[in-house]
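K.L.:
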Amino acid sequence: MSDHKINEQWHFDTNAVRAGSLHTEFGENSEAMFLTSSFVFESAAQAAARFGGQEPGNIYARFTNPSVTMFQDRLAALEGAEFCVATSSGMSAILACVMGLCSAGDHIVASRSVFGTTVQLFGNILKRWGLETTFVSLTDPAEWEAAIKPNTKLFFVETPSNPLTEICDISLLADLAHRHNAKLVVDNCFCSPALQQPIHLGADIVVHSATKYIDGQGRCLGGAVLGKKDVLEPVYGFLRTAGPSMSAFNAWVFLKGLETLPLRMEAHSRNALTLAQWLEAQPQVARVYYPGLPSHPQHDLAKKQQKAGGGIVAFDLKGGKHAAWKLIDATQLLSITANLGDAKTTITHPATTTHSRVTAEARAAAGIGDGLVRIAVGLENVEDIQRDLERGLRS
Ligand SMILES: *Cc1c(COP(=O)(O)O)cnc(C)c1O
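Mapping to UniProt numbering: the sequence shown position 267 is 267, numbers consecutive.
1. Is DSSP giving Cys168 helix, strand or coil here?
2. Start and end of the beta strand (DSSP E) containing Asp316?
3. Can you tell me whether Phe252 is buried or exposed, with buried defined as 16 or more other CB within 10 angstroms of its CB?
4. Quick check for students: name the residue ranges of the alpha helix (DSSP H) that lie wholly in the stretch 66-140, counting only runs of 4 or more.
5. Cα separation between Val231 and Val17?
6. Would Leu221 pass as a contact of Ser88 if the rule is Cβ separation under 8 Å?
7. Phe341 to Ser43, Cα distance in whole Å?
8. Can you check whether the CB of Val207 is closer than 8 Å to the CB of Ala182?
9. Kindly indicate the opening and closing residues of the beta strand (DSSP E) around Asp187.
10. Nearest to Ile199 by CA position, among Arg374, Gln284, Gln306 and Tyr213, is which residue?
11. Can you tell me which of Gly20, Ile167 and Gly218 puts its alpha carbon nearest to the alpha carbon of Arg112?
12. Quick one: give me the first and last residue of the alpha helix (DSSP H) that Tyr236 is part of.
13. Sorry if obvious, but does the Cβ on Asp187 come closer than 7 Å to a heavy atom of ligand 1?
14. Quick check: what's the CA-CA separation for Val157 versus Ala110?
15. Measuring only the C-alpha atoms, how far is Arg394 from Thr337?
16. Ordered along the chain, which non-local residues of its own chain (more than five positions away) have a Cβ less than 7 Å from that of Leu176?
17. Shorter than 7 Å, the distance from the beta carbon of Ser89 to the closest heavy atom of ligand 1, or not?
18. Decide if Val40 is buried, meaning its Cβ has at least 16 other Cβ atoms within 10 Å, or exposed.
19. Using 7 Å as the cut-off, classify the Cβ of Glu158 as near or not near the heavy atoms of ligand 1, replying yes or no.
20. Measuring straight from C-alpha to C-alpha, what distance separates Ala324 and Ile108?
21. Can you tell me the Cα-Cα spacing of Val377 and Thr211, whole angstroms?
22. Report the option in Gly292, Ala308 and Asn162 whose CA atom is closest to the CA atom of Leu372.
23. How would you call Glu361, buried or exposed, if buried means at least 16 neighbouring beta carbons within 10 angstroms?
24. Quick one: using the 10 Å Cβ neighbour count with 16 as the cut-off for buried, is Ala351 buried or exposed?
25. Would you report the Cα separation of Ser67 and Pro262, rounded to the nearest angstrom?
26. From the DSSP output, in three-state form, read off Arg62 for me.
27. For Asn339, count the other beta carbons within 10 Å of its own beta carbon; 16 or more makes it buried, fewer makes it exposed. Which is it?
28. Around the C-beta of Asp329, are 16 or more other C-beta atoms found within 10 angstroms, so that it is buried, or is it exposed?
29. Going straight from the alpha carbon of Thr165 to that of Gly309, what length do you get?
30. Answer yes or no: do Glu386 and Leu275 have a C-beta to C-beta separation smaller than 8 Å?
31. For Ala137, which residues of its own chain have a beta-carbon under 7 Å away from its beta-carbon, when the five flanking residues on both sides are left out?
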């Protein structure tokens, strides 16, 4: 197996196609998929050296697998990270990050506007194991500062948030965390490294649900934790012991997904901006949430922090839940599903799906009204997406 390629001079799109590639003696051009759970040794002595850590190399796929290694090295090159730990899902990436970096009795400050399952993980499950989380407003740094305790280990954010695409200032929160010996973790799922590189902005750790834009075609579950090698050593230690490791098959799919990531994110963003502008002009629409629109409250910060607005557009319909459901049910092209990051455009009603377990008051406080619709804009022609929505808007 020849050494994987990472060249400091390569541009982002070249890294997306080439970084991390490993080649076998067979001379394959496309990366190989290594569907093997274990690796054989040349001798008992070599087995001992591998297990003892004196000789680098693969032992067992819960620890490492060449397909997974290629994915990790490629994603690390794209995020500007020293090290990457691939995981079986986005949620197991978040779990591995916390399990590696926190202990019972520690404290986390997290944005209230994070993925619903992340709220469940922090607020219910990890709480039972002695980890306390304080939830604060994504956009108000004063709340973050006020929530800090002597035992605060992590700040956790998603930016842009789901579904309202609110944005936080990554550099500012990183500085605040560092002043208090805490680390900033950014879930970079919505932007992907093609649009935003939190580590370059001062974040310590990036987590991903590779299930979304990294796959890009809605096929596999996966995740990743990225950052400095010494910081992530315990995260990798948790992974190889507890076992939420990425499968070689999924790693191969994601590796191929990364090759087109910059092109896809540009196209998702272009379609989403056109759709957001069009929605803003519709009389039935009360408000559109999209970072690429000048009407977005943090449009200037978005322009500074992100290369483009991304693929998620949310909007409030004046007719409330009735109008939202009518619009959704009138679509023929769009997929009614809560997933995102797919080539296929998806449409969802957050109040009765992704946020249905949140109380009505909490939903209202978070700005998720009954008339809110979220669209994860795909790669179809945007005119066809508009025509599909027009039918429901007019009815
Ligand atoms: C989907 C998602 C996750 C969880 O990822 P899975 O791969 O479904 O486990 C975490 N964060 C964000 C922002 C997501 O959209």
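Glycine residues also receive a C-beta, built at the ideal position from the N, C-alpha and C atoms.
P.N.:
In short:
1. coil
2. Ile312 to Leu317
3. Checking the sequence shown, residue 252 turns out to be Trp, not Phe. By the 10 Å Cβ count, Trp252 comes out buried.
4. 66-79, 90-101 and 116-120
5. 27 Å
6. yes
7. Note on identity: in this sequence residue 341 is Gly, with Phe being the wrong assignment. Cα to Cα, Gly341 sits roughly 46 Å from Ser43.
8. no
9. Lys183 to Asp187
10. Gln306
11. Ile167
12. Lys229 to Ala242
13. yes
14. 6 Å
15. 22 Å
16. Pro141, Trp144 and Glu145
17. yes
18. exposed
19. yes
20. 36 Å
21. 16 Å
22. Asn162
23. exposed
24. buried
25. 21 Å
26. coil
27. exposed
28. exposed
29. 9 Å
30. As written in the sequence, residue 386 is Gln, which differs from the Glu given in the question. Going by C-beta atoms, Gln386 is nearer than 8 Å to Leu275.
31. The sequence as given places Ser at residue 137; Ala does not occur at that position. Within the same chain, Ser137 has close Cβ partners Arg112 and Glu143.
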